[in-house]
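Taking our numbering, the leading residue of the sequence shown gets 6, the next gets one more, and so forth.
Each remark here refers to the structure printed beneath this line.
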Amino acid sequence: MNFAIIGCGFIAKKHALAIENIPTAKLIAVCDRVPEMMDFYAETYDAKTYIDSSAMLKDPNIDVVCICTPSGLHAPIAEQVAAANKHIVLEKPIAMTLEETDRIIDAAKYHNVKLTIVHPNRFRTAVQETKKILDQNLLGKISHANCIVNWNRGQEYYDQAPWRGTKTHDGGVLMNQAIHNLDLLLWFMGNPTEIFSMDATRLRDIEAEDVSTGVIRFENGALANVQAATTVYTKNYEESITIFGEKGTLKIGGPNALYFEHLEVQGLEEQEKKAIIERVKEDPWGTPGHQRIIEEMIIALENGIEPAVTGEDGKKALKLVLAFYESAESEKLIRI
Ligand SMILES: NC(=O)c1ccc[n+]([C@@H]2O[C@H](COP(=O)([O-])OP(=O)(O)OC[C@H]3O[C@@H](n4cnc5c(N)ncnc54)[C@H](O)[C@@H]3O)[C@@H](O)[C@H]2O)c1
6 MNFAIIGCGF IAKKHALAIE NIPTAKLIAV CDRVPEMMDF YAETYDAKTY IDSSAMLKDP
66 NIDVVCICTP SGLHAPIAEQ VAAANKHIVL EKPIAMTLEE TDRIIDAAKY HNVKLTIVHP
126 NRFRTAVQET KKILDQNLLG KISHANCIVN WNRGQEYYDQ APWRGTKTHD GGVLMNQAIH
186 NLDLLLWFMG NPTEIFSMDA TRLRDIEAED VSTGVIRFEN GALANVQAAT TVYTKNYEES
246 ITIFGEKGTL KIGGPNALYF EHLEVQGLEE QEKKAIIERV KEDPWGTPGH QRIIEEMIIA
306 LENGIEPAVT GEDGKKALKL VLAFYESAES EKLIRI
């Protein structure tokens, strides 16, 4: 399977490494508006380089394109890739608006290409174990959940590129960082029905929010607290998800939501519980999430099935972020 990348900045390297680690995949072309951003890929992978994506997309040997441009450019580029009949691995957030999102999903359907959104945290070992526990209904009726991202992104992070921290091309902590955790919350808890939130730009000189807090009610009646910030002094402090059910409580925590900080489940034998905690400790990241996303795309192509994280999944996470923004701006409860 031949891959190309559009946008050769920070996250593109993870895509390239993922492709390198998959025996049936090969990176054959890259595209960036800034020529020197492509030097690494030409030297390391012998990839062809293009300043213009439409020229690159004429190459009939390219099967799948990873889109790693700033978020505000995802929609027009994804439409262009779909129209060239290439399958799409699209970085999160799927897009900045629901209108753009629908254009992407419709283009993929119309041109009969597959679309996956990069929410790699789903493949962390503790997250996979949690999903298994929830799917077996071992926590029983869920009462509520906490979802926390208290991280540090200094001003220098936002000053790296003009698109960072803007409302149209990046968004703030919810759209950029916490969307991964909101995706997990939706995966674990089901569909949200009501959202109320407040946000602020407290410590960073950016247009979008650097701190946000809110509450969600889910279709099943359970509630969740969400708190997200990039203002934490001086480093990442906590990324966690805690779920409280009638038959169990679990918390995935630490600065990067990698380990079980708490696992108390009625239906789990002590030995089983220890084995789960050990599995997570031994290999907290599992196979890198970007690699798993791309592997799942290849499996989907080979078997004519949907990839693990679909465009609709990306849309759900975006819809939740946008509901948070709408609530904060209007000072009203939002019903989905
Ligand atoms: N899934 C994750 O864990 C994760 C992590 C970081 C970033 N991201 C996402 O990846 C995307 C890129 O983020 P980044 O940190 O790599 O940004 P970046 O600024 O480091 O890289 C973006 C690159 O895109 C290039 N570019 C801009 N417009 C282009 C165009 N029209 N055609 C070709 N190239 C173009 C830029 O020159 C730059 O090299 C964003 O959507 C971001 O939200 C995802």
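A virtual CB, placed ideally from N, CA and C, is assigned to each residue, including glycine.
Quick caveat, the model's predicted, so the values are computed rather than measured.
Residue i versus the options, residue with shortest Cα-Cα distance
i, options, result
"Pro28", "Lys321, Asn66 and Glu300", "Glu300"
"Leu228", "Pro197, Ala89 and Asn157", "Pro197"
"Glu41", "Trp290, Ala21, Gly12 and Glu84", "Gly12"
"Asp114", "Ala88, Gln133, Arg127 and Glu104", "Reading off the sequence shown, one finds Lys at residue 114, where the question assumed Asp. Here the closest residue by C-alpha is Ala88."
"His92", "Ile72, Arg38, Ser59 and Leu22", "Ile72"
"Lys240", "Asn181, Ile147 and Trp156", "Trp156"
"Ala60", "Tyr50, Val70 and Cys36", "Cys36"
"Asn90", "Tyr330, Asn66 and Val231", "Asn66"
"Trp290", "Thr130, Ala80 and Tyr55", "Thr130"
"Tyr238", "Asp215, Ala17, Leu103 and Tyr55", "Asp215"
"His116", "Ala83, Lys321 and Ile33", "Ala83"
"Lys286", "Phe193, Gly258 and Glu336", "Gly258"
"Gly250", "Ala80, Thr135 and Lys146", "Lys146"
"Asp68", "Glu212, Glu307, Pro81 and Ala313", "Glu307"
"Ala213", "Pro312, Leu327, Val314 and Phe223", "Leu327"
"Met194", "Lys172, Leu255 and Phe223", "Phe223"
"Ile200", "Gly219, Trp192 and Leu190", "Gly219"
"Ile211", "Thr235, Asn181, Gly170 and Thr236", "Gly170"
"Val314", "Gln165, Ile10 and Pro98", "Pro98"
"Ile33", "Arg284, Ile10 and Asp288", "Ile10"
"Asp318", "Tyr330, Asn225 and Glu96", "Glu96"
"Leu414", "Lys337, Ala333 and Pro293", "With the chain represented from 6 up to 341, any question about residue 414 goes unanswered, as that position is not in the structure."
"Glu334", "Ala280, Lys172, Ile16 and Thr54", "Lys172"
"Gln165", "Lys337, Glu336, Phe329 and Gly14", "Gly14"
"Thr236", "Leu255, Ile221, Lys256 and Arg209", "Arg209"
"Ile221", "Glu277, Thr135, Asp64 and Leu325", "Leu325"
Sequence-distant residues of its chain with Cβ nearer than 6 Å to residue i (five each side left out)
i, result
"Lys19", "His295"
"Asn261", "Glu244"
"Ala233", "Val154, Val178, Leu179, Ala183 and Ser217"
"Leu120", "Ile93, Ala113 and Gly316"
"Asn151", "Asn230 and Thr247"
"Leu191", "Lys321"
"Asn26", "Gln296"
Cβ-based neighbour list, residue i, same chain, cut-off 7 Å, excluding 5 preceding and 5 following
i, result
"Ile282", "Phe265 and Leu268"
"Ala30", "Met6, Phe8, Ile24, Ile299 and Ile303"
"Leu143", "Lys252, Gly253, Val270, Gly272 and Leu273"
"Trp168", "Pro75, Gly77, His174 and Asp175"
"Arg38", "Ile56"
"Gly309", "none"
"Pro312", "Lys119, Thr121, Glu301, Met302 and Ala305"
"Ala352", "Summary: the structure shown does not reach residue 352, with the chain confined to residues 6 through 341, and so no result is reported for it."
"Ile16", "Cys73 and Glu96"
"Leu181", "Correcting the residue type first, residue 181 is Asn in the shown sequence and not Leu. Asp175, listed in sequence order."
Limits of the unbroken beta strand (DSSP E) element including residue i
i, result
"Lys53", "Lys53 to Tyr55"
"Asn106", "Reading off the sequence, residue 106 comes out as Thr, not Asn. Unbroken run through Thr106 is the alpha helix (DSSP H), Leu103 to Tyr115; no beta strand (DSSP E)."
"Gly219", "Val216 to Phe223"
"Ala233", "Leu228 to Ala234"
"Met43", "Taken as a continuous stretch (DSSP letters only), Met43 belongs to no beta strand (DSSP E), as it is neither H nor E."
"His92", "His92 to Glu96"
"Glu311", "Taken as a continuous stretch (DSSP letters only), Glu311 belongs to no beta strand (DSSP E), as it is neither H nor E."
"Glu287", "Note, Glu287: premise wrong, no beta strand (DSSP E); alpha helix (DSSP H) at Glu275 to Glu287."
"Lys256", "Gly253 to Gly258"
"His149", "Ile147 to Asn155"
"Ala205", "Pro197 to Ala205"
"Ala9", "Asn7 to Ile11"
"Leu32", "Lys31 to Cys36"
Host alpha helix (DSSP H) of residue i (start-end)
i, result
"Ile138", "Thr130 to Asp140"
"Ser332", "Gly316 to Ser335"
"Asn186", "Ile184 to Met194"
"Ala88", "His79 to Ala88"
"Met61", "Ser58 to Met61"
"Lys18", "Ala17 to Glu25"
"Tyr242", "Element bounds for Tyr242: n/a, residue is neither H nor E."
"Glu161", "Gln160 to Tyr163"
Cβ-Cβ separation, residue j to residue i (assumed contact under 8 Å), whole Å
i, j, result
"Leu323", "Ala112", "With a Cβ gap of about 16 Å, Leu323 and Ala112 do not count as contacting."
"Val86", "Leu62", "6 Å"
"Glu331", "Ile341", "With a Cβ gap of about 10 Å, Glu331 and Ile341 do not count as contacting."
"Thr135", "Leu255", "6 Å"
Closer than 7 Å to chain C by CB, residue i
i, result
"Asn90", "Protein chain content of the structure displayed is limited to a single chain, and chain C is not contained in it."
Beta-carbon proximity list for residue i, same chain, < 8 Å, skipping 5 on both sides
i, result
"Ala148", "Per the sequence shown, residue 148 should be read as Ser rather than Ala. Cβ within range, chain order: Ala227, Leu228, Phe249, Gly250 and Glu251."
"Gln133", "Arg127 and Gly291"
"His79", "Ile72, Leu95, Glu96, Pro98, Ile99, Ala100, Met101, Glu105 and Ile109"
Q) Using 8 Å as the Cβ pair cut-off and three pairs as the minimum, do the stretch 184 to 192 and the stretch 230 to 247 touch? A) yes
Q: Tell me, please, whether the stretch 36 to 46 touches the stretch 130 to 149 by the rule of three or more beta-carbon pairs shorter than 8 Å.
A: The stretch 36 to 46 is not in contact with the stretch 130 to 149.
Q | Contact the stretch 152 to 162 vs the stretch 98 to 115: 3+ CB pairs below 8 Å | A | no
Q) For the 8 Å Cβ check, are there 3 or more pairs between the stretch 117 to 130 and the stretch 199 to 210? A) no
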